[in-house]
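Position one of the sequence shown corresponds to residue 1 (full-length UniProt numbering), numbered consecutively onward.
Glycine residues also receive a C-beta, built at the ideal position from the N, C-alpha and C atoms.
Here the structure is laid out as structure tokens; the discussion comes afterwards.
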Amino acid sequence: MSVRTMQEPTFLILTALAAAPQHGYGIMADVERISGGAVRLRAGTLYAALDRLRTEGLVEVEREEVVETRLRRYYRLTPEGEDRLKGETVRLRRNVEVAAARLGLAGGAT
Numbered sequence: 001m002s003v004r005t006m007q008e009p010t011f012l013i014l015t016a017l018a019a020a021p022q023h024g025y026g027i028m029a030d031v032e033r034i035s036g037g038a039v040r041l042r043a044g045t046l047y048a049a050l051d052r053l054r055t056e057g058l059v060e061v062e063r064e065e066v067v068e069t070r071l072r073r074y075y076r077l078t079p080e081g082e083d084r085l086k087g088e089t090v091r092l093r094r095n096v097e098v099a100a101a102r103l104g105l106a107g108g109a110t
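Quick look at the structure:
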């Protein structure tokens, strides 16, 4: 059986939503902050990813509001999204521990 892995932008979007529901701009800013500036999502990329994640049942729209005549959607993790994020976090942690051990870095497992 193969393990389904996540692309980094998906992992970061779900991580951003793990703290609290957010709207698109908030997610983009949080992803950039979490990644230390390494990942900067464009609006089109983010909204395409959110549509896909909604279809997969990993995120859902929590609420919508109008701000200065513009619709703002707030997204949140679903329980399935939280489970997938936890699973991916465990998988990545295990890989990092093995790599650290093989490189002789402190805290690595063999």
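Of the candidates Glu56, Arg54 and Tyr25, the residue whose Cα lies closest to the Cα of Arg40 is Tyr25.
Beta-bridge annotation (DSSP): Val61 is paired with Tyr75. From the listed residues Arg42, Val59 and Val96, the smallest Cα separation to Arg73 is found for Val59. Of all alpha-carbon atoms in Pro9, Tyr75 and Ile27, the one lying nearest the alpha-carbon of Glu65 is that of Tyr75. For Arg52, the three-state secondary structure derived from DSSP is helix.
Around the beta-carbon of Leu50, 16 or more other beta-carbon atoms lie within 10 Å, marking it buried.
Of Met28, Ile34 and Ser35, the smallest CA-CA separation from Gly44 is found for Met28. A Cβ-Cβ distance of about 13 Å is found for the pair Leu12 and Leu77, leaving them out of contact under the 8 Å criterion. In the same chain as Arg84, and ignoring 5 residues on each side of it, the C-beta atoms closer than 8 Å to its own belong to Met6, Leu14 and Leu58, in chain order. Gly81 and Ala20 have their C-alpha atoms roughly 13 Å apart. Secondary structure at Val39: coil, using DSSP grouped into helix, strand and coil.
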